[in-house]
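Protein chains in written order, with my numbering: chain Y, 63 to 410; chain R, 3 to 244.
Note that the Cβ used here is the ideal one computed from N, Cα and C, for glycine as well.
All figures in this text were calculated on a predicted structure; none of them were measured in a lab.
Written below as structure tokens is the structure these notes are about.
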């Protein structure tokens, strides 16, 4: 390996690391607010890339149908679950958010997609289609379990992941896609050729990180989300509508996932099930940081990205093994450092 | 004095088939301190949680002339009801300041500075500890923080569940002193206590609860002099040392 190759690998690693960082901080965010380890976060990324690709081809993306299906399923299940406890306001919200919004988006996409309105429209439409999926998934799968243990929530999360991968295959098919970059062109940097899109990925990642920090540390809503995670009853008693904090966290997750997907679509080929591996690598980063700290997660994600790209060069057959096995020493160190108290985590 | 700020009529709460509170009716005059005393397990905490909306109940709860019906906890907070629960339920990994700040959630961040001034004036100790994590506070400080957090929501009716529980006698005295001060500032107060002696000293009106129902009620001073109450709740037991 010479210096140029090393630099190339570093560039690759940093870009992938930035995407993993977006996944990792989202996992930390969702876990902090809802105690859900959100395994299906990667699905949002894959679906966003697939949606952009469909829109570029002028066809109606599967996500538009999927959103409608999720909306109907959520509304139906809630009617069954709540029955006579439903208020008129709740029913109105359900009609608007779960049925009218997805149906409206679907009609809009059927009408507008063949016109091929360009990059900005594709990105905006992808965000519009994916963000409502976050709260819908939360209400469908996790809200009824809000008081369950972390383990139960994890099992539900894995269930949701398998269901979504299956739905992804149905709605998108098995074909891989690559999208046009939002920022085209390259520029030389010493011996390297850097894509503007790569710079875009880095800038967006940093902006998202800063945004999250500001949201959780500086705003009442952000603090309310943290407080709900720390003490649900306490949060209810100060008047925080706790059911909506989970929905907000999942909407943020879907939004960050969609942004990552829009960014990554032009850098690598994405299939209906590509999300899982991306999500898992973000998860490794989040675990290294103890599912707790945003900046540490971002650093760990960078490390995962670099490790992956260098091991792809030296031992490409083992690249995933190497990436996933760095979690072992971390787990051992963490369990030694925290001693025999870790049963208490369940209650936190 | 105007009409009652809170009136509860025929309230019942069940856990499955067990009725923890049976047909309870209660009134709190605006600006007064009302106490519910009774033994452990009499249903006092259940009553408070039902009024707050944390537990579902049957019967009518009227706040300020408006029926609360099945409204949610957050809606009740917005109408000026606030509960300081027995276990305090603080945000233990967040700072004292953030705990207080979230108390003002219903007003948004605009009301925080004003609320801080009021709370720190009543609880100077909290100002000294404002950057500390809530989980590192002592028992008395935790109770102060829970009350301070409640005050940030500018409640019209403040409900205190066992505010003296687990606290040293000196701190209990301080807490009840603050309760009296709050009442003078126009806040109506409902306080549930096992420490009947302390509660009867500050209250205007008192109810005695046994096995989920009220067995007696009257002016606090009258109950404090009642033979039955003295025997059961103020008598020769541990209460005497308080």
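query                                                                                                                                 : result
Short-range partners of chain R found in the region 273 to 302 of chain Y, where Cβ spacing is below 7 Å                              : 282, 285, 286, 288, 289, 292, 293, 295, 296, 298, 299, 300, 301, 302
Below-8 Å beta-carbon distance, residue 91 of chain R vs any chain Y residue                                                          : yes
Local Cβ density within 10 Å of residue 6 of chain Y, reported as buried at 16 or more and exposed below that                         : The structure shown does not extend to residue 6 of chain Y, since chain Y is modelled only from 63 through 410, so no value can be given for it.
Cross-chain neighbours of residue 96 of chain R in chain Y, by beta carbon under 7 Å                                                  : 288, 289, 292
Residue 337 of chain Y vs residue 190 of chain Y beta-carbon contact at 8 Å                                                           : no
8 Å contact criterion, which residue 332 of chain Y and residue 111 of chain Y should meet: CB distance rounded                       : 4 Å
Own chain partners of residue 302 of chain Y with C-beta closer than 7 Å, once the 5 adjacent residues on each side are dropped       : 286, 289, 290
Residues near residue 90 of chain R by beta carbon distance below 7 Å, same chain, minus five either side                             : 144, 145, 148
Within-8 Å CB hit, residue 131 of chain R to chain Y                                                                                  : no
Residue 47 of chain R: first and last residue of the uninterrupted alpha helix (DSSP H) it sits in                                    : 46 to 54
For residue 197 of chain R, the three-state DSSP class (helix, strand or coil)                                                        : coil
Proximity to residue 26 of chain R [Cα-Cα], best of R:190, R:162, R:52                                                                : R:52
Residue 76 of chain R at chain Y interface by Cβ criterion, 8 Å                                                                       : yes
Any chain Y beta carbon closer than 8 Å to residue 79 of chain R                                                                      : yes
Members of the region 183 to 208 of chain R near chain Y, C-beta cut-off 7 Å                                                          : none
Residues near residue 97 of chain R by beta carbon distance below 8 Å, same chain, minus five either side                             : 132, 133, 134, 135, 136
Exposed unless 16 or more other CB atoms sit within 10 angstroms - verdict on residue 408 of chain Y                                  : Any reading at residue 408 of chain Y must be qualified, since the residue scores a pLDDT of 41, below 50, and its modelled position is unreliable; the value itself is stated next. It is exposed - the Cβ of residue 408 of chain Y has fewer than 16 other Cβ atoms within 10 Å.
Residue(s) in a DSSP beta bridge with residue 190 of chain R                                                                          : R:159
N- and C-terminal bounds of the alpha helix (DSSP H) containing residue 223 of chain Y                                                : 212 to 234
Reference residue 84 of chain Y, options Y:146, Y:366, Y:280, Y:388, closest by Cα                                                    : Y:366
Whole-number beta carbon distance between residue 191 of chain R and residue 35 of chain R, since they are thought to touch under 8 Å : 5 Å
Neighbour list for residue 66 of chain R in chain Y, Cβ cutoff strictly below 9 Å                                                     : The premise fails here: residue 66 of chain R is roughly 17 Å from chain Y at the closest Cβ pair, so nothing lies under 9 Å.
Contacts of residue 151 of chain R in chain Y (Cβ-Cβ under 9 Å)                                                                       : 296, 299, 300
Residue-level contact to chain Y via CB, residue 87 of chain R, 8 Å cutoff                                                            : yes
Contact set for residue 351 of chain Y: own chain, Cβ-Cβ below 6 Å, skip 5 residues either direction                                  : 358, 359, 362
Residue 111 of chain R at chain Y interface by Cβ criterion, 8 Å                                                                      : yes
Beta-carbon separation (whole angstroms), residue 31 of chain R vs residue 84 of chain R, contact threshold 8 Å                       : Between residue 84 of chain R and residue 31 of chain R the Cβ distance is about 18 Å, and since that is not below 8 Å, they are no contact.
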